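Participant:
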């Protein structure tokens with residue numbers, strides 16, 4: 001890549017290197033920007049700074065040993081990544097988790113989604129230059145993480161789900177704290193609406209920036225809130241229901257404008273939907289064991305299985321091929337951020353540099369997930 | 373011209389709304405914890421590095437039978453333990469239990485597979501050191517010195 005930076009360009013054009021340690025790239029993403037004045041003519045992302053060969057690791061050790069790795073790919077949605085991995089093993093081996101475990105998985109996954117969205121809300125506004133909202137979102141997020149810490153034992157890289165169930169049962173304290181949290185978060189949403197959504201500077205920075213169109217989404221495999229901002233109500237929780245999601249009543253928020261503001265509004269409304277799912281799941285929570293009765297050693301039969309879950313950033317797919325041994329033959333992980341980032345050169349050409357930050361912020365990139 | 377003043381008006385309004393929110397926040401109780409001087413209680417379910425549970429009833433004050441299940445199941449290979457046969461003692465006696473905490477990912481597999489429930493998570497979250505060797509814990513020594 002170093003030859004790119006020294007290629008002579010036109011008189012007016014120059015190359016600007018953004019990252020790999022730029023605060024608004026949220027990790028080790030490097031973007032080579034071909035600039036003309038303050039306009040970005042051709043942004044090219046450079047990936048691989050955080051590559052840890054997670055797929056290869058899955059193929060070189062027995063399947064239970066991959067459990068802690070799943071959480072390390074996307075540090076903001078560790079439980080959802082856990083869920084996908086145990087889901088694919090369960091589907092291949094024909095195991096069913098207990099009903100209570102499925103509910104706990106949904107509850108903790110939604111809490112994980114909430115904290116991811118809260119962090120996104122804070123850092124998007126931070127990227128645009130406003131510092132205050134991140135302090136408020138972190139206060140909310142801290143409450144959530146404390147609740148999750150109490151049941152899972154860790155704060156960020158959870159390793160909570162196991163094949164057949166979850167590690168630890170939730171107790172009444174967890175339920176009452178979560179209910180308290182739901183009320184608290186609901187009372188905070190009008191404040192964010194006034195502080196962030198209604199702010200004239202914020203609106204000017206994100207409205208009509210970026211063009212997410214259904215056609216672009218189809219060509220690049222754009223998923224998640226950015227896809228829903230183009231008006232397509234595609235959410236794995238509804239399109240390909242997994243776990244106990246069909247039992248809950250929730251909406252898929254969509255917007256039609258297709259700009260960064262639409263993506264912002266979709267995510268903002270998803271917070272309320274997650275709270276609704278949480279509330280219903282806590283009401284319906286069945287009794288029973290949290291771990292299914294399983295043989296001590298689970299054998300993976302030869303064959304392949306696919307399991308798709310909705311991560312806060314879009315569609316997360318695990319595809320596992322086994323050859324009858326303990327070690328998976330091939331593990332393919334389709335991460336949402338990779339496809340979401342690939343639209344960057346197309347939608348950000350001809351944009352102001354400061355708008356590029358807004359655009360990357362609304363894609364909600366998590367770089368370790370892309371590099372994995 | 374009219375639009376220009378309308379913009380100034382809406383801009384000023386959103387500024388006042390934002391300022392009101394920060395002002396209200398100013399009178400709310402402080403949530404920041406001044407960390408080194410004050411600490412929050414650690415949840416009993418917190419997963420720190422693993423420790424051997426101290427059991428006064430046992431001869432060697434722990435329940436480990438050196439079966440090496442944890443060593444075999446560990447995804448990161450961070451456990452190194454050894455046992456030996458001794459005259460007059462039934463079973464194996466643990467002589468070494470090293471935990472390389474630099475590699476540990478706190479998944480809890482060792483705690484789950486242990487047949488005698490000899491392992492547990494500690495609530496230690498402050499780990500500071502200058503060399504890697506400072507994070508190579510000798511769990512056997514830890515359980516012996518804990519009175």
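Residue numbers (the working numbering), protein chains in the order written: chain C, 1 to 372; chain B, 373 to 519.
Ideal Cβ positions, reconstructed from N, Cα and C, are used throughout, including at glycine.
Computed from a predicted model, the values in this text were never measured in an experiment.
Check each residue of the region 213-247 of chain C: if its Cβ is closer than 7 Å to any Cβ of chain B, include it; give the result in chain order.
Facilitator: Answer set for the region 213-247 of chain C: empty.
Participant: Please classify residue 133(C): is it buried, with 16 or more other beta-carbons within 10 angstroms of its beta-carbon, or exposed?
Facilitator: Answer is buried; the Cβ neighbour count reaches 16.
Participant: Going by CA-CA distance only, name the one from 106(C), 52(C), 39(C), 355(C) that's closest to residue 244(C).
Facilitator: Of the listed residues, the one whose Cα sits closest to residue 244(C) is 106(C).
Participant: Go through the region 77-105 of chain C residue by residue and report every complete run of the beta strand (DSSP E) that reaches 3 residues or more, in order.
Facilitator: Listed in chain order, there is nothing to give.
Participant: What number of angstroms, rounded off, separates the C-alpha of residue 326(C) from the C-alpha of residue 301(C)?
Facilitator: Near 9 Å, if we compare the C-alpha coordinates of residue 301(C) and residue 326(C).
Participant: Within 8 Å, do at least three Cβ pairs link the region 282-294 of chain C to the region 92-100 of chain C?
Facilitator: These segments touch.
Participant: Residues in the same chain with beta-carbon distance under 6 Å from residue 250(C), minus the five sequence neighbours each way, listed in chain order, please.
Facilitator: For residue 250(C), where only same-chain residues beyond five positions count, the Cβ hits under 6 Å are 273, 276, 277.
Participant: At a CB-CB cut-off below 7 Å, which residues of chain C make contact with residue 394(B)?
Facilitator: Residues of chain C passing the Cβ test: 132.
Participant: Contact between the region 149-165 of chain C and the region 409-422 of chain B: three or more CB pairs below 8 Å?
Facilitator: Yes, the region 149-165 of chain C is in contact with the region 409-422 of chain B.
Participant: Please report the distance separating the alpha-carbon of residue 128(C) from that of residue 202(C).
Facilitator: Roughly 8 Å separates the two Cα atoms.
Participant: Roughly how many whole angstroms lie between the Cα atoms of residue 436(B) and residue 424(B)?
Facilitator: For residue 436(B) and residue 424(B), the distance between alpha carbons rounds to 8 Å.
Participant: What residue range is occupied by the uninterrupted alpha helix (DSSP H) comprising residue 318(C)?
Facilitator: Taken as a continuous stretch (DSSP letters only), residue 318(C) belongs to no alpha helix (DSSP H), being part of the beta strand (DSSP E) at 314-322.
Participant: Can you check which of these residues, 313(C), 18(C), 304(C), is closest to residue 263(C) by C-alpha distance?
Facilitator: Considering only alpha carbons, the answer is 313(C).
Participant: With contact counted as at least three CB pairs below 8 Å, one residue from each stretch, are the region 13-21 of chain C and the region 32-40 of chain C in contact?
Facilitator: Yes: at least three Cβ pairs fall under 8 Å.
Participant: Since residue 478(B) meets chain C, which of its residues come closer than 9 Å, beta carbon to beta carbon?
Facilitator: Ordered by position in chain C, the residues that pass the 9 Å Cβ test against residue 478(B) are 68, 153, 154, 157, 159.
Participant: Between residue 1(C) and chain B, is there a C-beta pair that is closer than 7 Å?
Facilitator: Any reading at residue 1(C) is ruled out, since the residue's pLDDT is 48, under 50, leaving its predicted position unreliable.
Participant: Anyone know if the C-beta pair for residue 166(C) and residue 160(C) falls short of 7 Å?
Facilitator: Yes.
Participant: Could you name the residues of the same chain whose beta carbon sits closer than 6 Å to that of residue 113(C), not counting the 5 residues immediately before and after it, in chain order?
Facilitator: Excluding residues within five positions, the ones whose Cβ falls inside 6 Å are 274, 312.
Participant: Chain B partners of residue 139(C), CB-CB under 7 Å?
Facilitator: Per Cβ cutoff of 7 Å: 403.
Participant: For a test of the three-state rule: what should DSSP assign to residue 343(C), helix, strand or coil?
Facilitator: Residue state, collapsed to three classes: coil.
Participant: Using only alpha-carbon positions, find the residue among 200(C), 123(C), 52(C), 209(C) that is nearest to residue 348(C).
Facilitator: Nearest option by C-alpha distance: 209(C).
Participant: Determine the extent of the alpha helix (DSSP H) in which residue 389(B) is found, giving its start and end residues.
Facilitator: Segment 374-398, the alpha helix (DSSP H) holding residue 389(B).
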